[in-house]
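Notes follow the structure.
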Amino acid sequence: MIEVEHLVKYYGGNCAVDDVNFSVAQGEIVGLLGPNGAGKSTIMNILTGYLSSSAGRVSVAGLNVLDDPLEVKHRVGYLPEQPPLYLDMTVEEYLIFVYNLKGCTFNRTKHLAEICEVVKIQDVYHRLIRNLSKGYRQRVGIAEALIGNPPVVIFDEPTVGLDPKQIIEIRNLIRTLGKDHTVILSTHILQEVQAVCDRIIILNKGRIVADERTENINRAVESTRRYRLRVCGPQRDVAALLRSRPDVTYVETLPERDDDAYCYLLESKTGVDVRKSLFFALAERGWAIIGLEPMGVSLEDVFLAVVESEEKDARTAKKQRRRGGAGVGAEKDLAQSILDETAKKQEAVAPYDGKD
Amino acid sequence: MFAIFKKEMRAYFTSPVGYVYTGIFLAAAALICAFTTIQRASYDTTSYFQYMLFSFIILIPLLTMRLFSEERRNRTEQLLLTSPITITGMVLGKFFAAFALFSATMFASLINLFPLVVYSIREQKSATSGAHIGLAGAQVMGCFIGSLLVGAAFIAVGIFISSLSENQLTAAVITVAAIAAMMLAGIFNTYIGVTWIRTVLDWISVLSRFDYFAYGYFDYAALLYYLSISGVFIFLTVRVYEKRRWG
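Protein sequence lines, in the order shown, are assigned to chains G and P. In case it helps, my numbering puts the first sequence at residues 1 to 356. In case it helps, my numbering puts the second sequence at residues 1 to 247.
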C-alpha cells in the first residue's frame, strides 16, 4: 500500500530523514517510534504531501506522491501532531467544511453521522470547537482524517495530552480502524505501539534502527524473567545472597526503601522460576519478602538498547576512522572493549535479540 | 476552491473583522461622497472615487491580514495542504473571498450616489435650457470598474504579505505600508525633477493609471496593468507555499 524508498529530507543543511526504506501492506497498523527529532513527523508529512522529499521515492497505492499529489491526497487521511481545527467553527461546520474540501460525493449527512459514531463526538456535534476539551478536539481531528473514507490513515502522536481513559479509547478506536484501513501512527509511548500496532519501526536521528513485527518484540520481552523484590533485611547481605543463587543472572539494588525493607531488581535465567527457591532461601535467614512482582522487559529498554548501541557503534566507527588504518593494537583493543561493553550491557538490559 | 471560498466568507462574519470592515467602508464612502459632491454642489464623482482609493490603504489590510497568517499560526494550513486541492486553488479561493466581500461593499456604497441622481432629475425638470445636468454615467462606470480593479490588485498584494507572516498584525502593518507606497508614488512624482525616476515612479503608481477612468475612458492598458499586478502577487503567494514545501 505504501512504499518508501531511499527517502532523504534535508532542512537546510540539517538531515532530518536519512535514507529510510520501508513498505506497509494493506490493512497493516504500523507504529513509528522514536525520540523527539527522530524524523517521525517529517516522514508523515512527506507521505501526506505536506512536505516534499529531498530525494527518494514515496508511493501510496501505487501512485507517486510527487507525480499525482491530488490522487494520493484523496487516498490519505492525516491527523497532524496538532489537530488542524478552526476554533471558531462548530464541530458540524468543521466536518462539513472538510467534507467539501475533500470533494466527497457520498451522502453527506449519513457519512458524517457514521464517522461521528465511530469517534463518539455526537454529543458535542453542535458545540464550538473552541470550547471542547483536548480529548474531544483530538477526536474531531481523527474524524477529519476519516472523512472521505481514505484507505490510508496517518496519525501523528494521536494520544498526546489525553487522559488515561481517553488514551485507551483512542487506542481501541485505532485498532478498529485497522480492520479496514492501513494505519500509520507515530508515538514515543512504547506501550502504545505494543498495544496497537502489528509492526514497529524504530527511528533515531532520521534512520531506521529497527523494523520488527510486534510479536517478535513481545516474544523478546517474554523470554526473560525480571522481578522487583522487596525484602526486609540488611541490604548488602541480601544482595550478596541473591547474587550467590545459581539461577539469578543479575541483581541491582534500587534506591527505594520503606523502613527496613530494600528494593532489588533481579533477572533469572530463562525458563526457570526462581521465586519459590528464593522464598525459602530468604526465609531461612529470617529475611521476609514483603513484595515480589514480575516485570516485563519494557519496550523502553528495548528502545534505549537499540538506539544506544546504534549510537555507540557509530561513535566507535568514527573513532576508528579518525585514528586511521594504522590501528595500533592497543587502540583497536580499546574499541573492541567498548563494543564488548555495549554488547554486555545490552544483554544485561534487554536480551531482545531473539536468540531464545 | 469553492469550499475555501465559502469558509472564508463565513469566517469574515463569525469574527468582528467582516463587520468592522463593512462598517468602516460604508461610513468612509458616505462621508467622502458627502464632502466631495454634495457639499461642493458638484456632479463630478472623480475625487470621490480617488479619495476612496486612499481609504483602501486602511480597509484592504483588514480583509487580507488574517487569510494566511492565521492558518499558519493555528497550523490549519496543514489540513488545506494535505487535502486534495491545489495550492493555486487554495490561494484563489481566499483571494475571491476577499474580493467578493470587497465588491459587495463597493456595490453597496453606490447608494451614496442616489442623492445626486435625485438632484439631477429634479434640476432637469426645472431647467429651461438643455445644459448638461447630472451624473456622467461613463465617468461613474469607469471609476467604479477602476476601483474594483485597484481593489483586486491591493488584495493580491495583501494576501501575498499575509502568506509571509505568522502574525496578523505584522501582515496588516506591512500591507498598509505597501499599499500606501503604491498609492503615494504618483504623488511624490510631482516633486521630483529627475526624469527617469519620474518615469519609474509613474510606472509603479496606481493612481496615475486611474486618470483615464476618471475621464470616462475605458483604459485597456490600465485593465491589463491591474490584472497583472493581481496575477503576479497571486502567483508569488503560490510560490511561497511551494517553497515552504521544498524548504
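We put the beta carbon where it would ideally sit given N, CA and C, even for glycine.
Contact set between residue i and chain P, taken where Cβ atoms lie within less than 8 Å
i     : result
S23/G : Under the 8 Å cutoff, chain P gives no residues; its nearest Cβ is about 21 Å from S23/G.
L32/G : By Cβ distance, chain P contributes nothing, its closest Cβ being about 17 Å from L32/G, past 8 Å.
L70/G : P84, I85, T86
Residue i: contacting residues in chain G (beta-carbon distance under 9 Å)
i      : result
A11/P  : Y86, D88, M89
T237/P : Here the premise fails: no neighbours, minimum Cβ distance about 17 Å.
W246/P : L51, S52, S54
Cα-Cα separation, residue i to residue j
i      : j      : result
Q78/P  : A145/G : 12 Å
Y215/P : F13/P  : 37 Å
V240/P : I179/P : 20 Å
L278/G : L242/G : 8 Å
D211/P : G142/P : 10 Å
G325/G : D18/G  : With a pLDDT of only 47 at G325/G, under 50, the local geometry of the prediction cannot be trusted, and no value is derived from it.
V251/G : E242/P : 57 Å
G37/G  : C197/G : 21 Å
A222/P : S205/P : 11 Å
F25/P  : P61/P  : 12 Å
G13/G  : E166/P : 24 Å
L101/G : Y94/G  : 10 Å
N172/G : V152/G : 17 Å
T22/P  : P115/P : 21 Å
V140/P : R130/G : 46 Å
K355/G : L292/G : Because K355/G carries a pLDDT of 43, less than 50, the predicted location of this residue cannot be relied on, and the following value inherits that uncertainty. So the alpha carbons of these two residues sit roughly 27 Å apart.
L85/G  : S15/P  : 16 Å
F22/G  : T86/P  : 28 Å
G178/G : T88/P  : 34 Å
Q235/G : Y262/G : 6 Å
A138/P : T46/P  : 11 Å
T249/G : R226/G : 10 Å
G329/G : T316/G : Per-residue confidence for G329/G stands at a pLDDT of 45, beneath the threshold of 50, marking its modelled position as unreliable; no derived number is given.
D333/G : D313/G : Unreliable positioning characterises D333/G in this predicted model, as indicated by a pLDDT of 49, which lies under 50. The coordinate reading is nonetheless provided below. Taking the straight line from one Cα to the other gives about 15 Å.
Q26/G  : V60/G  : 10 Å
S41/G  : T159/G : 14 Å
Y191/P : R245/P : 45 Å
L184/P : A3/P   : 37 Å
C15/G  : E3/G   : 21 Å
Y43/P  : G146/P : 19 Å
A156/P : Q138/G : 35 Å
F97/G  : V91/G  : 10 Å
Y352/G : V231/G : Residue confidence for Y352/G is low, a pLDDT of 45 falling below 50, so the modelled location carries little weight and cannot support an answer.
V176/P : V20/G  : 46 Å
Contacts that residue i makes with chain P (C-beta to C-beta distance below 7 Å)
i      : result
I82/G  : Going by the sequence as given, residue 82/G is Gln instead of Ile. Result: R75.
G103/G : P84
K73/G  : T82, S83, P84
Y361/G : The question about residue 361/G has no answer here: the residues shown for chain G are numbered 1 through 356.
Residues that residue i contacts on chain P, provided the C-beta gap is smaller than 9 Å
i      : result
E144/G : L79
H6/G   : The premise fails here: H6/G is roughly 18 Å from chain P at the closest Cβ pair, so nothing lies under 9 Å.
L185/G : In chain order: nothing, as chain P lies at least about 16 Å away.
Any chain C beta carbon closer than 8 Å to residue i
i      : result
S162/P : No chain C appears in the structure shown, which is made up of the protein chains G and P.
Interface residues of chain G facing residue i [CB-CB closer than 7 Å]
i    : result
A3/P : F97, N100, L101
K7/P : F97
Bridge partner(s) assigned by DSSP for residue i
i      : result
R315/G : In DSSP, R315/G forms no bridge with anything.
N45/G  : According to DSSP, which records beta bridges pairwise, N45/G is partnered with nothing at all.
Y11/G  : N14/G
R33/G  : Before going further, note that residue 33/G is Leu rather than Arg in the sequence given. In the DSSP output, where bridge partners are listed per residue, L33/G has T187/G, I202/G.
N64/G  : S59/G
S23/G  : E3/G
V76/G  : V152/G
Chain-ordered chain G contacts of residue i [CB-CB under 8 Å]
i     : result
K94/P : Residues of chain G passing the Cβ test: none, with the nearest at roughly 13 Å.
| If you measure beta-carbon to beta-carbon, which residues of the segment 36-68 of chain G are closer than 7 Å to chain P? | T48, G49, Y50, L51, S52
| Ranges of the alpha helix (DSSP H) found wholly within the segment 221-294 of chain G, counting only runs of at least 4 | 235-244, 275-284
| chain G contacts from the segment 65-92 of chain P (Cβ-Cβ distance under 8 Å) | N74, R75, T76, E77, Q78, L79, L80, L81, T82, S83, P84, I85, T86
| field | Complete alpha helix (DSSP H) runs within the segment 78-155 of chain G (minimum length 4 residues, chain order) | value | 91-101, 108-119, 134-146
| Continuous beta strand (DSSP E) assignments of at least 3 residues falling wholly in the segment 129-181 of chain P | none
| query | Mind pulling the alpha helix (DSSP H) runs of 4 or more residues that sit fully within the segment 30-117 of chain P? | reply | 46-73, 77-81, 87-109
| Contacting positions in the segment 13-24 of chain P - beta carbon closer than 8 Å to chain G | T14, S15
| message | List, from N- to C-terminal side, the beta strand (DSSP E) runs of 3 residues or more that fit wholly inside the segment 175-213 of chain G. | response | 182-187, 199-204, 207-213
| query | Of the residues that make up the segment 258-283 of chain G, which ones have a beta carbon closer than 9 Å to any beta carbon in chain P? | reply | none
| query | Which ranges would you report for the alpha helix (DSSP H) in the segment 206-234 of chain P if only whole runs of at least 4 residues count? | reply | 207-214
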